[in-house]
Amino acid sequence: MSLLAKKGRFIPLHLLSVEAEGFSYLPRQVILIHEGITVVNGENGSGKTTFLNMLRVLFGATKFDNGHTFKTFFERDHVHFIYIIGRFDNTIHPEYQKRPFQEIGKYNDRVSVVCRLTNDNPVKREFLIFDGNFDLEIHLKDNIKWLEVGHYLSHMEQVGMSKALANVFSLYQGNTEKLLGLNEEQLADYLLQICGEQERIDKFNNIKINLEELYKQYQELGRQKQQEELVIQNVKQKIDRIKQIKQNEQQLEENQFNKELAVVKDMKEIMNEQEALLNTLKDEKLQIDQNIVTTNNDLNTTNHEIEKNSHALSEVNKRIDDIHTQTLLLTEKKLNLKKEVNDLLGFINKYKPIEPVPLEKLNHELSGITDLYKRQVTIVQNLQHKEDTIMGKIHHIKTTHSAHYPSIVSKMIEKLKERQLNHLLLAEQLEITDNKWRHAIEALLGAERFTITVDEHAIIETMKIAQEIGYPYWISPFKPVSLSYKNESILSKVNVLDERITGYIERFKNFMMAESMEAAWDWVQKDFNALLYKPTPYQVISRGGRSIHPNGIYCGRKSYLLQLEQLQEDLNNIQQKLDSEKAKENELQIELESVNKAIEDQKMRALIPDKENEHLSLTGDLQIVLNSLTDFNVQIQSLRKEREKVQQLASKYSRRHGKLNYALTNLQSKQKEIFQKQSDIMTSLDTLKSQYNSTVSKLSKDQIKKLSDCSYLESIKTVEHYTTLISSLQNMIQQLRNTGEPIQPGEENIVALEEKYNIHLKLLQNHLNEISETEAKLENLRKKHDEAQEEYLEMVEEVFRKVKKSLEELAAQGNINATLKLINVGNERWKIDYKVGFHGKVPVSYRTKTAFSGGQKVIISLLLTLSAIQADGMLNFMILDEPFAHLDQERTELVSQFLKKTGAQYIIAMPYSENLKLLYPFADMSLNFRPKRENQEMAPPINYGIVNDEFIKQQTQYKASS
Numbered sequence: 001m002s003l004l005a006k007k008g009r010f011i012p013l014h015l016l017s018v019e020a021e022g023f024s025y026l027p028r029q030v031i032l033i034h035e036g037i038t039v040v041n042g043e044n045g046s047g048k049t050t051f052l053n054m055l056r057v058l059f060g061a062t063k064f065d066n067g068h069t070f071k072t073f074f075e076r077d078h079v080h081f082i083y084i085i086g087r088f089d090n091t092i093h094p095e096y097q098k099r100p101f102q103e104i105g106k107y108n109d110r111v112s113v114v115c116r117l118t119n120d121n122p123v124k125r126e127f128l129i130f131d132g133n134f135d136l137e138i139h140l141k142d143n144i145k146w147l148e149v150g151h152y153l154s155h156m157e158q159v160g161m162s163k164a165l166a167n168v169f170s171l172y173q174g175n176t177e178k179l180l181g182l183n184e185e186q187l188a189d190y191l192l193q194i195c196g197e198q199e200r201i202d203k204f205n206n207i208k209i210n211l212e213e214l215y216k217q218y219q220e221l222g223r224q225k226q227q228e229e230l231v232i233q234n235v236k237q238k239i240d241r242i243k244q245i246k247q248n249e250q251q252l253e254e255n256q257f258n259k260e261l262a263v264v265k266d267m268k269e270i271m272n273e274q275e276a277l278l279n280t281l282k283d284e285k286l287q288i289d290q291n292i293v294t295t296n297n298d299l300n301t302t303n304h305e306i307e308k309n310s311h312a313l314s315e316v317n318k319r320i321d322d323i324h325t326q327t328l329l330l331t332e333k334k335l336n337l338k339k340e341v342n343d344l345l346g347f348i349n350k351y352k353p354i355e356p357v358p359l360e361k362l363n364h365e366l367s368g369i370t371d372l373y374k375r376q377v378t379i380v381q382n383l384q385h386k387e388d389t390i391m392g393k394i395h396h397i398k399t400t401h402s403a404h405y406p407s408i409v410s411k412m413i414e415k416l417k418e419r420q421l422n423h424l425l426l427a428e429q430l431e432i433t434d435n436k437w438r439h440a441i442e443a444l445l446g447a448e449r450f451t452i453t454v455d456e457h458a459i460i461e462t463m464k465i466a467q468e469i470g471y472p473y474w475i476s477p478f479k480p481v482s483l484s485y486k487n488e489s490i491l492s493k494v495n496v497l498d499e500r501i502t503g504y505i506e507r508f509k510n511f512m513m514a515e516s517m518e519a520a521w522d523w524v525q526k527d528f529n530a531l532l533y534k535p536t537p538y539q540v541i542s543r544g545g546r547s548i549h550p551n552g553i554y555c556g557r558k559s560y561l562l563q564l565e566q567l568q569e570d571l572n573n574i575q576q577k578l579d580s581e582k583a584k585e586n587e588l589q590i591e592l593e594s595v596n597k598a599i600e601d602q603k604m605r606a607l608i609p610d611k612e613n614e615h616l617s618l619t620g621d622l623q624i625v626l627n628s629l630t631d632f633n634v635q636i637q638s639l640r641k642e643r644e645k646v647q648q649l650a651s652k653y654s655r656r657h658g659k660l661n662y663a664l665t666n667l668q669s670k671q672k673e674i675f676q677k678q679s680d681i682m683t684s685l686d687t688l689k690s691q692y693n694s695t696v697s698k699l700s701k702d703q704i705k706k707l708s709d710c711s712y713l714e715s716i717k718t719v720e721h722y723t724t725l726i727s728s729l730q731n732m733i734q735q736l737r738n739t740g741e742p743i744q745p746g747e748e749n750i751v752a753l754e755e756k757y758n759i760h761l762k763l764l765q766n767h768l769n770e771i772s773e774t775e776a777k778l779e780n781l782r783k784k785h786d787e788a789q790e791e792y793l794e795m796v797e798e799v800f801r802k803v804k805k806s807l808e809e810l811a812a813q814g815n816i817n818a819t820l821k822l823i824n825v826g827n828e829r830w831k832i833d834y835k836v837g838f839h840g841k842v843p844v845s846y847r848t849k850t851a852f853s854g855g856q857k858v859i860i861s862l863l864l865t866l867s868a869i870q871a872d873g874m875l876n877f878m879i880l881d882e883p884f885a886h887l888d889q890e891r892t893e894l895v896s897q898f899l900k901k902t903g904a905q906y907i908i909a910m911p912y913s914e915n916l917k918l919l920y921p922f923a924d925m926s927l928n929f930r931p932k933r934e935n936q937e938m939a940p941p942i943n944y945g946i947v948n949d950e951f952i953k954q955q956t957q958y959k960a961s962s
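Residue 662 in the UniProt record's numbering sits at position 662 of the sequence shown, with consecutive numbering throughout.
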């Protein structure tokens with residue numbers, strides 16, 4: 001495979017032929033170009049350089065060999081237009097399965113690039129990319145939309161032609177010796193001229209000079225301004241602190257004032273309450289004393305009446321017994337009716353006062369609470385399930401002393417053990433030696449931890465098992481490799497217990513440990529990857545960075561201890577949450593019972609009208625019974641009138657006697673209680689009055705005045721409220737005094753500080769007025785500088801990154817060890833450390849004269865130039881002017897083999913000399929040029945040499961014509 005035959009975005013371009021009309025003295029002729037090495041030979045003055053310049057014009061160069069310009073190409077007086085046609089192969093590439101020019105919409109098998117030079121002042125150069133085989137006699141008659149050179153090069157970049165190619169053709173001219181004569185800084189400038197954008201470079205350098213001069217002026221003015229700003233800031237901060245101190249001290253004084261009034265207010269309220277209670281007790285005692293005298297008199301009178309009627313009562317008792325039997329049934333009925341009436345009255349009194357609430361509303365509320373309660377029960381059950389699951393895992397780990405893997409991993413391992421297949425799980429074979437890196441390393445390894453490796457002969461059987469159970473991780477054969485990595489590699493934190501799995505962690509050796517994001521990015525700039533473990537695992541590669549998560553701890557044979565610790569923590573969290581959710585469940589259950597009771601009460605209340613009707617009916621029945629008893633008594637009154645009167649009197653006096661005795665006992669007991677209360681209150685009141693008078697005597701005149709202001713006293717809050725505020729204000733004042741420069745009590749001179757502040761404020765304004773114009777200019781220029789610098793640095797870094805990558809790839813394919821290092825020497829200047837080593841030797845600087853042969857020097861020069869071209873696209877085409885001068889056959893062979901490996905098209909100009917014979921064995925085609933004779937308008941036709949005649953025969957559509 002050639003050095004360039006790598007599958008990528010672009011397809012290699014193949015120039016089939018060139019044709020020119022009116023270019024210098026070259027004849028109108030289709031000239032075939034071989035896909036390999038085409039040698040252009042002829043004596044001096046035969047037109048070799050003119051032919052090469054024609055190709056440079058076609059590929060967009062601006063400078064030409066031997067001092068030629070666009071104007072010098074118009075050698076013939078009658079020529080006003082020059083046409084150059086390059087025909088390219090656009091067939092479908094067998095490897096890429098697409099056409100080279102299809103990116104810009106060209107789908108014919110041939111694409112023609114046409115360049116037109118117009119002999120104006122200055123000469124005008126235009127291009128056309130034609131989809132097909134362009135014929136000057138036919139297609140010039142069409143309406144052609146010509147492209148200016150920039151648009152043309154942009155189109156060609158889209159199909160892989162490097163934009164650096166035109167710069168190389170303008171600067172390099174195919175001279176290999178000149179390149180090796182440049183020093184490291186000149187070589188860097190050379191690469192920037194090839195691949196860089198000169199307009200950005202010039203723009204940035206001019207802005208930088210102007211910015212440096214203006215910035216010196218601005219710095220001095222800014223320094224003076226900063227001094228004044230610092231003074232003003234300090235004075236302003238001190239003024240603000242003093243104002244806050246005074247404001248807080250005023251609030252402190254007001255709260256202390258009100259706190260003392262709050263104490264007096266509380267004491268006065270307590271005293272008033274005690275005096276009011278004492279007066280109430282005094283009135284109660286006076287009333288009780290009067291009641292005792294009255295009760296004693298009534299009791300004596302009642303005792304006399306009882307004694308008087310005692311004899312009469314004995315006589316009528318006999319007659320009472322006679323009527324008892326007759327009234328017994330009616331009395332029993334009366335009692336039953338009274339009980340029923342009282343029960344109904346109790347029911348009505350219980351449920352009638354209840355506020356009516358629609359049952360629909362209560363049922364809706366019950367439904368909502370029921371749903372909440374059911375959901376809460378589900379939450380508790382789910383948490384209990386999680387708790388059981390975690391406890392099961394903990395029990396498994398404690399019982400088996402082994403890690404708990406995902407179920408599919410455990411299932412796979414059980415299957416392998418059942419089949420007695422020798423296997424290794426990567427997680428079990430990797431011991432992480434530094435626990436602070438564990439989560440980061442496990443996150444980086446990710447699913448690779450569950451890769452299972454087996455013997456080669458068991459791989460198919462194992463994969464069948466994995467397919468059967470749907471095992472989502474890799475099944476791989478044992479892959480022992482020798483691991484070598486830097487000390488900073490993340491693998492230095494991992495012990496591999498079995499070398500048979502080393503091949504699957506080798507890809508992590510380029511992940512370097514980093515303590516900061518800056519250090520991580522430094523590794524990426526050195527073509528490594530990086531890993532951070534704090535504050536959380538983070539992976540950084542060339543495309544950027546992302547957070548990663550371990551999703552479990554599995555690495556190492558003791559990982560189960562860490563899993564156990566994590567599971568215990570998870571269990572504690574679940575149990576705390578479970579307790580909280582159970583409490584919510586109990587609250588909802590209580591609320592549910594409350595709503596059920598409210599519904600039952602509303603149902604009972606709905607029965608009130610029926611119960612009231614029933615109560616009215618039973619009351620009527622009771623009245624009927626009473627009336628019957630009365631009628632019965634009237635009927636026997638004549639027989640029992642005297643007995644009944646005596647009985648009634650005896651009963652009356654007996655009840656009165658009992659009531660009077662009971663009342664007298666209660667009055668005497670209350671009399672003692674009131675006396676004791678009066679004594680206690682008077683003692684407490686004396687103490688309170690003493691404390692109150694003492695407290696009031698300590699109040700100020702303003703406070704005593706406020707005591708008579710009822711509205712003000714009502715606004716006074718509690719003592720505890722003022723105590724809290726006073727403590728908070730005292731702390732705030734102390735903090736303000738001690739923040740920054742301490743402010744001692746008595747030093748709060750705001751007037752002097754404000755005068756000082758105003759003076760410095762005026763000085764600052766003077767400085768601001770002085771620098772405002774300079775600052776505006778500087779800001780404008782700085783923006784321009786930043787934009788230009790960002791563009792410039794991005795351009796430089798991108799250029800050398802691409803060239804370095806291209807150089808390493810190109811050199812590696814040619815069995816050459818080449819390195820390219822960009823060194824910043826300051827002031828936006830760079831130098832290139834370019835080293836090359838052949839045949840496995842250690843690379844040395846290209847400037848080491850004795851280290852390389854002549855052929856190797858040519859290769860060193862070509863390697864760097866070709867890498868610069870390839871860095872911007874693909875290396876498809878190159879012009880070399882006498883690169884084999886002074887080389888013997890061996891060195892010529894060395895250079896030729898290198899060129900063939902690149903797979904590009906080369907046109908090599910060689911004069912008639914012995915070196916031409918040395919090159920012929922390696923050339924694919926030769927073009928023979930002859931000088932123009934004096935009597936001829938054009939040079940003779942270009943002939944093909946003897947090299948590869950078969951190629952000429954095959955390309956019949958490109959036979960030469962004059």
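Ideal Cβ positions, reconstructed from N, Cα and C, are used throughout, including at glycine.
Of the residues assessed, K398 falls on the exposed side of the cut-off, its CB having fewer than 16 other CB atoms within 10 angstroms. In the three-state scheme derived from DSSP, where H, G and I count as helix and E and B as strand, T892 is classed as helix. Y653 and E340 have their C-alpha atoms roughly 31 angstroms apart. By the criterion of at least three beta-carbon pairs nearer than 8 angstroms, the segment 73 to 90 is in contact with the segment 11 to 29.
Counting of Cβ neighbours within 10 angstroms places L230 among the exposed residues, the total staying below 16.
Of the residues S112, K98 and F73, the one whose Cα lies closest to the Cα of V123 is F73. Taking C-beta atoms as the reference points, Q691 and M267 count as a pair closer than 8 angstroms. In terms of Cα proximity to K659, the closest of L128, P550, H80 and L299 is L299. For E808 against A818, the beta-carbon gap comes to about 7 angstroms, under 8 angstroms, which counts as contact. Put simply, the backbone Cα of T69 is about 31 angstroms away from that of T902. Shown here, H395 sits in a helix according to DSSP, grouped into three states.
Separation of the CB atoms of V494 and I432 is rounded to 6 angstroms, and the pair is thereby assigned contact status at 8 angstroms. In the three-state reduction of the DSSP assignment, L822 falls in the strand class. In the displayed model, G544 falls within a strand according to three-state DSSP.
When the alpha-carbon of S476 is set against those of I505, Q384 and L822, the nearest one is in I505. With a cutoff of 8 angstroms on beta-carbon distance, K259 and I726 are scored as near each other. Boundaries of the beta strand (DSSP E) harbouring E21: L15 to E21, taken from the DSSP string. Contact between A443 and I548 holds, since their C-beta atoms are separated by about 4 angstroms, short of 8 angstroms. Shown here, M682 sits in a helix according to DSSP, grouped into three states.
Shortest Cα-Cα distance from L699 to any of Q256, Q219 and M795 involves Q256. Around the Cβ of R110, a 10 Å sphere holds 16 or more other Cβ atoms; the residue is buried.
Between the C-alpha atoms of L822 and P100 there is a straight-line separation of about 34 angstroms. Under DSSP, I908 forms a beta bridge with V39 and L880. A distance below 8 angstroms between beta-carbons, with the five flanking residues on each side excluded, links K352 to the following residues of its chain, in chain order: R605 and I608. Here G855 carries a helix assignment [DSSP, helix/strand/coil]. The secondary-structure analysis by DSSP pairs W830 across a beta bridge with N824.
Bridge partners of S112 according to DSSP: R87 and F130.
Cβ-Cβ distances below 8 angstroms link N248 to L729, M732, I733 and L736 in the same chain, with the five nearest sequence neighbours on each side left out; the list follows chain order. Excluding its 5 nearest sequence neighbours in each direction, S559 has C-beta neighbours in its own chain below 8 angstroms: A403, A427 and I553, listed in chain order. Counting along the chain, T453 sits inside the beta strand (DSSP E) bounded by residues I452 to V454. Separation of Q226 and Y218 (C-alpha to C-alpha, rounded to the nearest whole angstrom) is 12 angstroms.
Within the segment 500 to 567, the complete beta strand (DSSP E) runs of at least 3 residues fall at 511 to 513, 529 to 532, 538 to 541 and 544 to 547. Pairing K216 with K178, the inter-Cα distance amounts to about 42 angstroms.
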